[in-house]
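S.K.: Take a look at this one; I'll ask things after.
In the UniProt record's numbering, the protein residues as written are 1 to 305.
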C-alpha cells in the first residue's frame, strides 16, 4: 500500500509510519511545520479540497493523526471553533480522498465516543463539546468518504510512549507533579491506556483490512491510583498515593466550571460534568496483550529534568 499520514510528525503518526514501513508499505507524511521525516508541508486543518487532492493522488489510503487539546478554555461559544478544528478538516480530507479514488482510511479518535455508545444515559455529546465534535467527525467524515472508502475510527484512551522528542501533550504536568515534593492524591475511577506502538499496529491492521469499524484500543486498564503510583515509580520518586474523596473531586471540578462560566469561557470537556467521567472506570477490554510498562517508562524516564 501507499499511505499518506497526516500528522506524521506527532507521537502516534510517527509510530504509524514506522509500522507501515516495517510491513513493506510506502508511507509519506504531511505536517504543518518542517521537521525531520516530513515529506510535505501543508496545514491540512485549513487546506481546501483542491489543495488536498494532489497530496492524496496516487495513494491507497490516508491516516488522520492530528491531536486536539480538549481542555483549553476558550471564549464562549466554543462549538464553532471545535468544529472548525475537529470536523471540517476531516470532511474536506475524505472528500478529496474519495475524489482521488483512495480505498481505505483511519481517523485517530477518542474513547469517549465508545463510552457514548455504551452509556447513552451519560449524555456525553450534550454535555461536552469535544465529544459532540468527535462524534460528528466520525459520522461526517465517513459520509464524505462514501461507500467505496471505508474509514476506521480508532477510539483512543491515554496514549503513552515517545517518538524522538515527541511525547503525549498531557505528560508534562504529570511528570512535574511526580518529581515534585507535592503530595500525590488520586480519586476513585480509572482509565484504559495504550502505547503509541499498539495504536500504530491497530491502525495499520485496519488499513490492511480496509476496515470501516469503530475500534476501541487498550493495552491495560489502570485505576488513577495505580497510574499515578507507576508514574512516580518510573521517574524514581516512588511514594504513597493518597485517596482523594469523591466529594472533594466533585467540588473542585464544579468550582472550576463556575470560574470558567464567570469568565465566559468553556473547555471541550465541561468541568461541571467532568467528575462523572473522572470517577468512573473508563475501561476497555485490552486489545493488544502488550504490557504498558515499557511505554510508560519511555514517557516518564528516571532522572529526566
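Note that CB positions come from ideal geometry on N, CA and C, so glycine has one too.
DSSP on residue 311, reduced to helix/strand/coil?
M.R.: Nothing can be reported for residue 311: it is not among the residues displayed for the chain, which extend from 1 to 305.
S.K.: Determine, using beta carbons only, whether residue 316 and residue 257 come nearer to each other than 9 Å.
M.R.: A question about residue 316 goes unanswered here, because the residues of the chain that appear run from 1 up to 305.
S.K.: So for residue 81, helix, strand or coil by DSSP?
M.R.: As a working note, residue 81 is residue 81 in the chain shown. Helix, per DSSP.
S.K.: Considering Cα atoms alone, identify which of 139, 104, 233 is closest to residue 209.
M.R.: Position 209 of the chain shown holds residue 209. If we check each option's Cα against that of residue 209, 104 comes out closest.
S.K.: Can the beta-carbon of residue 52 be found less than 9 Å from the beta-carbon of residue 111?
M.R.: Along the chain shown, one-based indexing puts residue 52 at 52. Along the chain shown, one-based indexing puts residue 111 at 111. The answer is no: Cβ separation not under 9 Å.
S.K.: Three-state secondary structure (DSSP) at residue 223?
M.R.: Here residue 223 is taken as the residue at index 223 of the chain shown, counted from 1. Residue 223: strand per DSSP, three-state reduction.
S.K.: Here's the rule: buried if 16 or more other CB atoms are within 10 angstroms of the residue's CB, otherwise exposed. What is residue 137?
M.R.: Counted from its first residue, the chain shown places residue 137 at position 137. That one is buried.
S.K.: Per the DSSP calculation, residue 55 is bridged to which residue(s)?
M.R.: Sequence index remark: in the chain shown, residue 55 carries index 55 (1-based). DSSP, once it has assigned bridges, lists no residue as partnering residue 55.
S.K.: Please state whether DSSP places residue 131 in a helix, a strand or coil.
M.R.: By 1-based counting over the chain shown, the position of residue 131 is 131. DSSP places residue 131 in helix when its eight states are reduced to three.
S.K.: Candidates 76, 47, 57, 167: which alpha carbon is nearest residue 15's?
M.R.: Mapped onto the chain shown, residue 15 falls at position 15. Looking at the Cα atoms, 167 is the closest of the given residues.
S.K.: What's the gap between the Cα of residue 303 and the Cα of residue 184?
M.R.: The residue labelled residue 303 in the question sits at position 303 within the chain shown. The residue labelled residue 184 in the question sits at position 184 within the chain shown. One C-alpha to the other measures close to 19 Å.
S.K.: The beta strand (DSSP E) spanning residue 194 covers which residue range?
M.R.: Translated into positions along the chain shown, residue 194 becomes position 194. Where residue 194 is concerned, the enclosing beta strand (DSSP E) stretches over 190 to 195.
S.K.: Excluding the 5 residues flanking residue 201 on each side, which residues of the same chain have their C-beta closer than 6 Å to its C-beta?
M.R.: Locating residue 201 in the chain shown gives position 201, where the first residue counts as 1. These residues qualify, in order along the chain: 19.
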